[in-house]
Each structure stands twice: as C-alpha cells, then as structure tokens.
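So for the sequence shown, UniProt numbering puts the first residue at 1; every next one is plus one.
Some notes on the structure that comes next.
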Amino acid sequence: MATIYVSTTGSDSGSGASGSPVKSITKAAQLAQAGDTVLVAAGTYKGTVSIATNGTASGQITFKPVDGAKVVIDGAGTPANTDLVVISGDYITFQGFEVVNATRTGIGLWGSHDSKVLDNNVHDSFRAGIYAGYSSPGVSYNNVIDGNEVWRNVKENMSRTWSGGWAQGISLAMSDNSTISNNNVYDNWGEGVGAMFTKGAKITGNTVYDSYSVGVYLDNAQDAVVQYNTVSHSYDTAFYRGGKPAAGIQICNENGDRMLPSSGIVITNNVLAGVGDVHYSTYGANTGLINSTISPNTVQSSPIPAPTPGPTPTPTPTPGDDPVVAADDSYGATEDVVLSVDATKGVLANDSAPDGGKAAVAGTFATAQGGSVKLNADGSFVYTPKANFFGTDSFSYTAKDTDGDTDTGTVTFKVADVVDTTPTPTPTPTPSPRPTTTKTINGTTSANDLMGTSGNDLIDGKSGNDTLWGMNGSDVLIGGSGKDTFVFASAGSNALKLGSNNVDVVVDFNPADDTIQLGDAVFTKLAAGSLSSSAFVTGTKALDSSDRIIYNKQTGDLSYDADGTGSTAAVKFAVIENKAALTAADFYII
1 MATIYVSTTG
11 SDSGSGASGS
21 PVKSITKAAQ
31 LAQAGDTVLV
41 AAGTYKGTVS
51 IATNGTASGQ
61 ITFKPVDGAK
71 VVIDGAGTPA
81 NTDLVVISGD
91 YITFQGFEVV
101 NATRTGIGLW
111 GSHDSKVLDN
121 NVHDSFRAGI
131 YAGYSSPGVS
141 YNNVIDGNEV
151 WRNVKENMSR
161 TWSGGWAQGI
171 SLAMSDNSTI
181 SNNNVYDNWG
191 EGVGAMFTKG
201 AKITGNTVYD
211 SYSVGVYLDN
221 AQDAVVQYNT
231 VSHSYDTAFY
241 RGGKPAAGIQ
251 ICNENGDRML
261 PSSGIVITNN
271 VLAGVGDVHY
281 STYGANTGLI
291 NSTISPNTVQ
301 SSPIPAPTPG
311 PTPTPTPTPG
321 DDPVVAADDS
331 YGATEDVVLS
341 VDATKGVLAN
351 DSAPDGGKAA
361 VAGTFATAQG
371 GSVKLNADGS
381 FVYTPKANFF
391 GTDSFSYTAK
401 DTDGDTDTGT
411 VTFKVADVVD
421 TTPTPTPTPT
431 PSPRPTTTKT
441 INGTTSANDL
451 MGTSGNDLID
461 GKSGNDTLWG
471 MNGSDVLIGG
481 SGKDTFVFAS
491 AGSNALKLGS
501 NNVDVVVDFN
511 PADDTIQLGD
521 AVFTKLAAGS
531 LSSSAFVTGT
541 KALDSSDRII
551 YNKQTGDLSY
561 DADGTGSTAA
571 VKFAVIENKA
581 ALTAADFYII
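Spelled out as structure tokens, the structure:
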C-alpha cells in the first residue's frame, strides 16, 4: 500500500515517491497497485487521463488531490470527441478533482465495476459530465457516483435545436446496480440524471435543476429506485424546451440494444418544483409500466428555492399520518471561515416529526451565493462560504419521517464581513517530547518481529522489513530502512489499552514503504481491511460522524475517535515525529 505522487513539475521518468513525483496522472495509474493512493499536487493538468489499472475488493486504488489542493484537469485543445478522464480499471476511487472542457465526456467509467466517482466538479463538457457503462451488460456494475457538482455540460445542444439524441449530466448505460447519489446537477443542455438499459439503478438524494430535457430520465431502467431527489427549475429560459421547463421524472422504453420492460420501478419521496410531474411516455418500444410504485411525491408549481424565503407550506399527509414539519433556520457565519454545526443545533433541531424517524436528506448542496453545504442525515452540517463573500446566503433541504412524509425548509446564513489584514504567522506547534525509555530492543539486518514490554521501550528495527509492536507503555519506534509495519493491536493475552500513558512515537514513518496496522479488537469501530477514506481526516478533530482516525499534520498527533462528531472524546495513541503526509491508504485494520 504505497503512495504515488504527481506534480506539474514532476517527470514521468520519476519513481512517484514524494521526492520524485511523476508529471501525469496517467503515469501514476500505470505505477499504482491494489491498495495504493495517488496524491496529485495543485495545478492544471492539460490533456487526457487514462486509469486502466485494477484495484481489488480489499484494496481500492484512490486518486485524489493532496490535502487542500485545487487540481484542474483541462481538456481544452484535445481532439474533438475525446473523453477527458477514462477509468477502465475496476475498484477505482476518483475523488476531488475539477474536470473541465472535455470535448466529449468529462469522466467516463467505461467497462469498470465497483468504482467510485466522488466529490468532483465537472463542467463545460461537450457531451456527458459523468458516465458509467459499457456496450454490453455484465461488464459495468456496482459503481457509485456521489457528491459531485455537474453543470454546463451537454454543450453539443446549447443551440437547443436538436430533436433528441443528446447526452445527460450524469448517465448510467448498461451499468447494473449502480448508484447516483447526493449530486448537484444543473444548467445542462440534456437530461439532468439518467439510467438507460440498466437494471437496479439507485438515484437518491440528488438536487437537479435547469435541465433542458427531463430532470431524471429512466429509459429501459428496470427495478430502478428514485427517492429523495429535488428536481426544479429557476425559470431560466436558456434551459427551456418548447417554451417551458421540461418534465420532472420521465419513464420510457426507447428502442435499443437491451430492451428491459419498465417494471419494478420505485419513485417515492421526491420533490418536483416548477417542472413537469412523473409520467410514462409511450414512444419507442412502448412496453408499458407495470408492478411499479410512484407515491408519495411532492409536486408544486413554484421553483426551489423561492426568490424570497417565506413560510413553508404544510404538505398534505397520507391519511392517518402526522406530517413532518421542516422549520426554517438561521445561523451566523464569518467571511472565509468554515462553519461546522453539530446535530444538537443543526437543521433538524427545531423540526417536528410526530410519526418518528426525523432525518434530513443528506448530500452536498450549492448555496444561493455559490458556497457549499455538506449536510448529514442527523441535521449536522458544514457550511463553506464562497471566498471573500459576506452578506446573506441560503439553501433549502428536505426533512422526512419514517412514513415517508417530507417537508422542505430554508436555511439562511448571515456572513459577517472581516477586514482584511496582514495575517499573523501561525506559531509552529511545540512538538511532543519523546518519552523516557527504560529498555532498548534492536533488530538486525534481517526482517524482525519486535515486540515491546509493558514499560516504555525504544524499539529500533535497523535495516530489513520489520514489524514493530510497542504494546503498552509509551514507546519510541524506529523502523529504519526497509518496508516496516507499526502495529497497534493486542497480541494473545497481552491486551493493548489506549490511554494517555500509552502514546508511542513513530520516528521515521515513510508512506512509500511503511504501514500502520490497527487491531479491530482495540479500534472497535473500524472494519477489518483497508481503512476507508471516509474514516480518515486530517486536522484537529472529527468533521463528521464517520471520521475515526484523526491526523494532526502540524503536530504529528494520531488519534482514534469512536463516534466522530459524537460526545466521546478522541484518544491520542501515537505521534508521527517526522510529520509524514499520511492518508487512509497508510492504514490496514487487522
């Protein structure tokens, strides 16, 4: 499980180590193996990207920017009809990039399965923004497209003169059991989101607005589930079709290479605002709609959000139900400062759901002023204002209860202005002192398995591929040269106990070679196998409920948080003395 580095100043003859980065993401993909992470430095990368390497079920290959870096993949100047990012490998995670100016598709999962496209900003593609599929069934499946912002795509139809055949903002085509979730999809000159010739598609929690054609399009999409989406129109005439907004959700059976009669489809708990309703169109093969559920959904004539927030109308509940009520909220924020709000003060705190099960439709949403909100199901959220913005900002969310009743609330932020001054340099954190050790355990030039005592030990692996177990006590661990493994786990009857008197110092961790292993009997909220990227966070504290391993790269402190943003405090268990650039790929759960 290595880390491969990419930089605009690198060379594709480099090794990919931190001191010898490669220049292209394609070259990094050729070097990557199952379980590896490719970290891309800030900058604009011109030209196409090809990822053909396979990960495994237990070793996803992850491509993402280094912490805080803005990485742009720009297709300007590539030949016409060229896909910009092509992922043909399996078990790939592609996360956090801006993909722009594709002369065909922005990001394409072509014949890939069990891959993820997460948190990207994809815009100004000639055809589709994000696509997952293949030319025949059984090759592309189990893919996830989540948390992306997809806008100004399908530019092939900007003239709005086509009668059909345009692409979609996000598209599944013969990609069975794949998911499109929590995306923000808008200003596209085709359908917003679609599934074609595909079984078992899940389209959930998306915000789709200002699509020239249908908001959500199901064409031969057998057993599709479409839930908790908001499909709307701002009445921007640049995206009108036939002089008005297009349909909200449409089901049909066009003629094609894989005919799947429209059956087993579930369309519930969606909000359709200022667009057409849910309907089946009889053109094409016209196989009909059978054994499907289309209820309840909210259909209203006004767009979301309304220009001036007002009282939210109470929806008509299902007979015998008590309606859920989403009350409007207001928060103070500060220019250029991220606002984190926990569940006790979140958007659900003043909402009511007499039938129980109150929850928010989670996802990442754009605000009225171009900021972003990451909303969790428990109502907690993180608001990131647009750079240098101050004033009033807002977004809308949907609350639901166990019976499926929904209501929409508006959240308003009052962002205070901050006078720009010359920043005071941040003081360098005082490093944690090494513990005083009473026993030294040395390795040899061979591979050694070195286990500490219950006291404070200094364990030095020397050369060779060593495994170092500090066990209890505050130990100093030196891997030395070679590919070393630092283990924080119980061993037989020797149970490891986390606490302030058991914080080990790892002197020389090398992400290119070394690994940290964590025992699931000690770190009980971690599942065996590779550490999920969603369970790892860089900073001083957990940012959401899924964060478990927290790495403060300023101090090197490594902590475990059993409940993320919950009430249980994080426990420091190690200090990475050389402050190496750790990622989730450096950890393995045993």
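Yeah, the Cβ is synthetic: ideal placement off N, Cα and C, and Gly gets one too.
{"Item": "Output yes or no for whether 8 Å exceeds the beta carbon distance between ASN270 and TYR235.", "Value": "no"}
{"Item": "Given that a residue counts as buried once 16 or more other Cβ atoms are within 10 Å of its Cβ, and exposed if not, what is LYS400?", "Value": "buried"}
{"Item": "Classify THR412 as helix, strand or coil using the three-state DSSP reduction.", "Value": "strand"}
{"Item": "Give me whichever residues DSSP pairs with VAL537 in a beta bridge.", "Value": "ILE550"}
{"Item": "Between which two residues does the alpha helix (DSSP H) harbouring LEU31 extend?", "Value": "25 to 31"}
{"Item": "Do GLY215 and GLY190 have their CB atoms nearer than 8 Å?", "Value": "no"}
{"Item": "Taking the C-alpha atoms as reference points, what is the distance between LYS64 and GLY363?", "Value": "20 Å"}
{"Item": "Ends of the beta strand (DSSP E) at PRO65?", "Value": "61 to 65"}
{"Item": "Can you give me the C-alpha to C-alpha distance between THR237 and ARG160, rounded to a whole angstrom?", "Value": "11 Å"}
{"Item": "Output the residue ranges of the beta strand (DSSP E) runs that lie fully inside the region 244 to 296 and measure 3 residues or longer, sorted by chain position.", "Value": "249 to 253, 266 to 268, 271 to 273 and 278 to 284"}
{"Item": "From what residue to what residue does the beta strand (DSSP E) around THR332 run?", "Value": "Note on identity: in this sequence residue 332 is Gly, with Thr being the wrong assignment. That run of the beta strand (DSSP E) goes 329 to 334."}
{"Item": "LEU558 and VAL522: beta carbons closer than 8 Å?", "Value": "no"}
{"Item": "State buried or exposed for LYS439, treating a residue as buried only when at least 16 other CB atoms are found within 10 Å of its CB.", "Value": "exposed"}
{"Item": "Just the Cα atoms here: how many angstroms apart are ASP293 and GLN250?", "Value": "One point to set straight first is that residue 293 is Thr, not Asp, in the sequence displayed. Roughly 14 Å separates the two Cα atoms."}
{"Item": "What would DSSP say about ASN456, mapped onto helix, strand or coil?", "Value": "coil"}
{"Item": "Among the candidates ASP12, VAL66 and THR44, whose CA atom is the shortest distance from the CA of VAL38?", "Value": "VAL66"}
{"Item": "Could you please give me the residues that DSSP links to ILE441 through a beta bridge?", "Value": "ILE459"}
{"Item": "Within 10 Å of its beta-carbon, does VAL86 have 16 or more other beta-carbons around it, so buried, or fewer, so exposed?", "Value": "buried"}
{"Item": "Have a look at VAL324 and ASP351 and give me their C-alpha separation to the nearest angstrom.", "Value": "8 Å"}
{"Item": "Leaving out five residues on either side along the sequence, give the residues of the same chain with a beta carbon under 7 Å from the beta carbon of THR268.", "Value": "GLN227, THR293, SER295, PRO296, ASN297 and GLY404"}
{"Item": "Quick check: the Cα distance between ALA128 and ASP457, rounded to an integer number of angstroms?", "Value": "58 Å"}
{"Item": "When you compare only the Cα positions, how much space is there between GLY556 and ILE576?", "Value": "5 Å"}
{"Item": "Take THR565 as the anchor and find which of LYS579, SER301 and ASP547 has the nearest alpha-carbon.", "Value": "ASP547"}
{"Item": "Alpha carbon to alpha carbon, how far is TYR588 from residue 591? Give it in angstroms, no decimals.", "Value": "What is shown of the chain runs 1 to 590, which leaves residue 591 out entirely."}
{"Item": "Can you grab the Cα-Cα spacing for the pair ALA349 / ALA173, in whole Å?", "Value": "40 Å"}
{"Item": "For the putative contact between GLY55 and ILE92, defined by C-beta atoms under 8 Å, what is the C-beta separation to the nearest angstrom?", "Value": "6 Å"}
{"Item": "Would you call the region 447 to 454 and the region 368 to 386 in contact, with 3 or more CB pairs under 8 Å?", "Value": "no"}
{"Item": "With a 10 Å radius around its C-beta and 16 neighbouring C-beta atoms as the bar for buried, classify ALA574 as buried or exposed.", "Value": "buried"}
{"Item": "Measuring alpha carbon to alpha carbon, tell me which of ASP119, SER330 and ASN157 ends up nearest PHE126.", "Value": "ASN157"}
{"Item": "Measuring only the C-alpha atoms, how far is GLY35 from ILE549?", "Value": "18 Å"}
{"Item": "Give me, in chain order, the residues of the same chain whose beta-carbon lies closer than 6 Å to that of TYR551; leave out the 5 immediate sequence neighbours on both sides.", "Value": "THR538, LEU558 and LEU582"}
{"Item": "I'd like to know whether the C-beta atoms of ALA495 and SER532 end up nearer to each other than 8 Å.", "Value": "no"}
{"Item": "Does the beta-carbon of ILE290 have 16 or more other beta-carbons within 10 angstroms, so that it is buried, or is it exposed?", "Value": "exposed"}
{"Item": "Evaluate ASP176 with the Cβ neighbour count: other Cβ atoms within 10 Å of its Cβ, from every protein chain shown; 16 or more gives buried, anything less gives exposed.", "Value": "buried"}
{"Item": "Anyone know if the C-beta pair for VAL347 and ALA366 falls short of 8 Å?", "Value": "no"}
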